[in-house]
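Take a look at the structure below.
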Ligand SMILES: CC(C)(COP(=O)(O)OP(=O)(O)OC[C@H]1O[C@@H](n2cnc3c(N)ncnc32)[C@H](O)[C@@H]1OP(=O)(O)O)[C@@H](O)C(=O)NCCC(=O)NCCS
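In this note's numbering, the protein residues as written are 18 to 185.
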């Protein structure tokens, strides 16, 4: 089955999107467009080209930062002390409609999100992609791709240097 990944726009059909987490469903239906409009996040959707623009999955990316004290201790010495916050990229949300689970869409969306983040980091500095898993399942999904826990925050990160290795 073919699919397209593009910026969220008004003709994407998301009213029946159900990923198994109602907060993420509601986000896509009610808030994502507003976040895009306000430049709080960029939202990318993967659609089913056969059944006219139905959203199969989506993710959001934003500029972000983490406080120096939350950076793993072995990394802290790499950065000048003048950086009180360290620039990162936030993969804010990622979800796939439940009827498409287990078909590889989640993995493909994640890899694409990492690629976009890597390209952006060559223009605007970012040391890592950070996620804030919504539940234990989400955490396990990200851990299975090599994300590591950030101390004391519940967030996970994947270093941009590691991501770069996927694409060079
Ligand atoms: C997590 C989610 C995005 C995975 O999407 P998916 O399309 O079913 O995943 P894929 O079919 O691409 O699976 C990719 C890989 O991740 C693994 N995986 C999927 N869900 C997993 C989970 N909960 N825990 C651990 N690994 C998981 C798969 O086994 C697969 O590994 P493989 O390539 O070695 O076989 C989807 O289940 C979802 O939308 N869940 C609800 C929302 C959510 O939790 N989002 C996470 C971030 S907020």
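Where is the CB? At the ideal position from N, CA and C, for every residue including glycine.
- Distances between the C-beta of residue 29 and the heavy atoms of ligand 1 are all 7 Å or more.
- Our two residues, residue 154 and residue 112, have alpha carbons roughly 12 Å apart in a direct line.
- In the DSSP assignment, residue 80 falls within the beta strand (DSSP E) that extends over 71 to 84.
- Closest in alpha carbon position to residue 146, among 130, 182, 139 and 161, is 130.
- Within the stretch 103 to 170, the complete alpha helix (DSSP H) segments of 4 residues or longer fall at 122 to 138 and 153 to 160, listed in chain order.
- In its chain, beyond the 5 residues on either side, 52, 77, 78, 79 and 109 have a beta carbon closer than 7 Å to the beta carbon of residue 58.
- Shortest Cα-Cα distance from residue 70 to any of 158, 178 and 26 involves 26.
- Per DSSP, the unbroken alpha helix (DSSP H) holding residue 42 starts and ends at 39 to 43.
- At least one heavy atom of ligand 1 lies closer than 7 Å to the C-beta of residue 120.
- For residue 128, the Cβ stays outside the 7 Å cut-off from all heavy atoms of ligand 1.
- Checking the 7 Å criterion, the Cβ of residue 42 is out of range of every heavy atom belonging to ligand 1.
- Rounded to the nearest angstrom, the Cβ distance from residue 84 to residue 105 is 11 Å, too far for a contact under 8 Å.
- Annotation: residue 50 to residue 107 spans about 17 Å, alpha carbon to alpha carbon.
- Following the DSSP letters along the chain, one finds residue 62 in no alpha helix (DSSP H) but inside the beta strand (DSSP E) bounded by residues 59 to 65.
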